[in-house]
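Quick notes on the structure that follows.
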Amino acid sequence: MQELDPKTTKRAAAFELWMNAPMPMVTIFKTFDVANLVRISRKHGCKFNMLLCWCTGKAASQIEEFYRLPADGRLMQYETLAVNTVVAAKDGGISTCDIPFSKDLQQFQRDYLRLTQQVCDTGQAYDLSRESMVIGTSALPQCDIDGAVNIYAGFYNNPFLIWGKYRKRFWKTRLPISFQFHHTQMDGGHAAQFLEKLQETIRTLNVK
Numbered sequence: 070m071q072e073l074d075p076k077t078t079k080r081a082a083a084f085e086l087w088m089n090a091p092m093p094m095v096t097i098f099k100t101f102d103v104a105n106l107v108r109i110s111r112k113h114g115c116k117f118n119m120l121l122c123w124c125t126g127k128a129a130s131q132i133e134e135f136y137r138l139p140a141d142g143r144l145m146q147y148e149t150l151a152v153n154t155v156v157a158a159k160d161g162g163i164s165t166c167d168i169p170f171s172k173d174l175q176q177f178q179r180d181y182l183r184l185t186q187q188v189c190d191t192g193q194a195y196d197l198s199r200e201s202m203v204i205g206t207s208a209l210p211q212c213d214i215d216g217a218v219n220i221y222a223g224f225y226n227n228p229f230l231i232w233g234k235y236r237k238r239f240w241k242t243r244l245p246i247s248f249q250f251h252h253t254q255m256d257g258g259h260a261a262q263f264l265e266k267l268q269e270t271i272r273t274l275n276v277k
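Here my numbering is used: the first residue of the sequence shown is 70, the next is one more, and so on.
Here is the structure:
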């Protein structure tokens with residue numbers, strides 16, 4: 070990662086306005102059509118959560134704001150992305166696992182399965198935050214929720230998605246997702262663009 074001079078970027082005004090704001094996080098809620106992911110998961114034996122994490126990384130990789138992150142009063146530039154997931158460890162606790170994003174779904178799946186199993190076995194987090202801009206996720210697949218607002222601690226400024234159990238009714242399969250981001254990193258328009266790209270990626274994903 071590399072430190073940027075905020076004044077030389079398109080986020081200069083946002084940095085001045087929001088970097089030191091007491092509550093700079095914004096949360097948007099959107100309900101997604103995830104029928105295609107459910108179909109692929111069942112047909113090919115892929116984990117639904119893995120597929121959604123990959124789609125998240127794919128959509129984010131097309132938006133330049135995701136490669137910059139406000140941290141410790143600075144604006145940092147990254148070359149790569151990672152998607153974080155929460156893992157239940159064998160000792161009964163939970164830990165986090167950063168999966169390096171790859172445009173190759175099969176490579177991402179191999180990394181996802183290997184790294185989440187490693188974290189499950191050891192209970193130790195796998196952290197890529199010094200080399201990649203990490204997109205946080207938290208899945209509550211047993212919970213029927215409309216969304217959630219994550220805590221703002223002042224030191225974890227990364228974008229974050231939370232979802233629960235998808236809902237099936239007739240021929241539709243829907244999943245509400247909440248997306249939280251730091252206003253210094255992006256504006257509402259960028260966030261909305263990301264969510265549209267995420268839906269497009271979910272709908273058009275094709276696994277042979």
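Glycine included, every Cβ here is placed at the ideal spot set by N, Cα and C. Note that the structure is a prediction, hence the values are computed from the model and not measured.
* Within this structure, are the beta carbons of R80 and L144 separated by less than 9 Å? -> Looking up residue 80 in the sequence shown gives position 11. Looking up residue 144 in the sequence shown gives position 75. Yes, the pair counts as a contact, with Cβ atoms nearer than the cut-off.
* Evaluate L230 with the Cβ neighbour count: other Cβ atoms within 10 Å of its Cβ, from every protein chain shown; 16 or more gives buried, anything less gives exposed. => On the sequence shown, residue 230 is found 161 positions in, with the first residue counted as 1. That one is buried.
* To do: Check whether the Cβ atoms of P139 and H251 sit closer than 9 Å, and answer yes or no.
  => Counting from 1 along the sequence shown, the entry for residue 139 is found at position 70. Counting from 1 along the sequence shown, the entry for residue 251 is found at position 182. Taking 9 Å as the Cβ cut-off, P139 and H251 qualify as a contacting pair.
* Might you give, ordered along the chain, the residues of its own chain that have their beta carbon closer than 8 Å to the beta carbon of C115, omitting 5 neighbours on each side? => Residue numbering aside, residue 115 sits at position 46 when the sequence shown is read from its first letter. Contacts found: I109, Q178 and V276.
* Asked: Just the Cα atoms here: how many angstroms apart are G205 and G161?
  -> Here residue 205 corresponds to residue number 136 of the sequence shown, with the count starting at 1. Here residue 161 corresponds to residue number 92 of the sequence shown, with the count starting at 1. Their Cα atoms are separated by approximately 21 Å.
* **Cβ-Cβ distance between S247 and V218 below 9 Å** => Taking the first residue of the sequence shown as 1, we reach residue 247 at position 178. Taking the first residue of the sequence shown as 1, we reach residue 218 at position 149. Yes, Cβ-Cβ distance for S247 and V218 is below 9 Å.
* Leaving aside the five residues before and after E265 along the sequence, list all residues of the same chain whose C-beta is less than 7 Å from its C-beta, in chain order. => Sequence index remark: in the sequence shown, residue 265 carries index 196 (1-based). Excluding sequence neighbours, E265 sits near nothing in its chain.
* Asked: Any contact of the region 122 to 139 with the region 158 to 176, i.e. 3+ C-beta pairs under 8 Å?
  -> yes
* Asked: Do you know how far the Cα of L184 is from the Cα of T165?
  -> As a working note, residue 165 is residue 96 in the sequence shown. As a working note, residue 184 is residue 115 in the sequence shown. Approximately 10 Å, taken between the alpha carbons.
* May I ask you to report which of helix, strand or coil DSSP gives H259? => Working through the sequence shown from its first residue, we reach residue 259 at position 190. In the structure shown, H259 sits in a helix (DSSP, three-state: H, G or I).
* To do: Starting from E72, follow the beta strand (DSSP E) in both directions and report where the run begins and ends.
  => Residue mapping note: residue 72 aligns to position 3 of the sequence shown, counting from 1. That run of the beta strand (DSSP E) goes Q71 to L73.
* If you check the beta carbons only, do P245 and K99 fall under 9 Å apart? -> Working through the sequence shown from its first residue, we reach residue 245 at position 176. Working through the sequence shown from its first residue, we reach residue 99 at position 30. Going by C-beta atoms, P245 is nearer than 9 Å to K99.
* Asked: How long is the line joining the alpha carbons of Y195 and V188, rounded to whole angstroms?
  -> As a working note, residue 195 is residue 126 in the sequence shown. As a working note, residue 188 is residue 119 in the sequence shown. Approximately 7 Å, taken between the alpha carbons.
* Asked: If L274 sits next to L106, beta carbons under 8 Å apart, how far is it from one beta carbon to the other, in whole angstroms?
  -> For the purposes of this step, residue 274 is taken as residue 205 along the sequence shown, with counting starting at 1. For the purposes of this step, residue 106 is taken as residue 37 along the sequence shown, with counting starting at 1. Correct: roughly 7 Å between the Cβ atoms.
* What's the C-alpha gap between M147 and A261? -> Taking the first residue of the sequence shown as position 1, residue 147 is located at position 78. Taking the first residue of the sequence shown as position 1, residue 261 is located at position 192. The amino acid at residue 147 is misidentified as Met; the sequence shows Tyr. Looking at the two C-alpha atoms, the distance is approximately 22 Å.
* Three-way DSSP call (helix, strand, coil) for R108 in this model -> Within the sequence shown, numbered from 1, the residue matching residue 108 stands at position 39. R108: helix per DSSP, three-state reduction.
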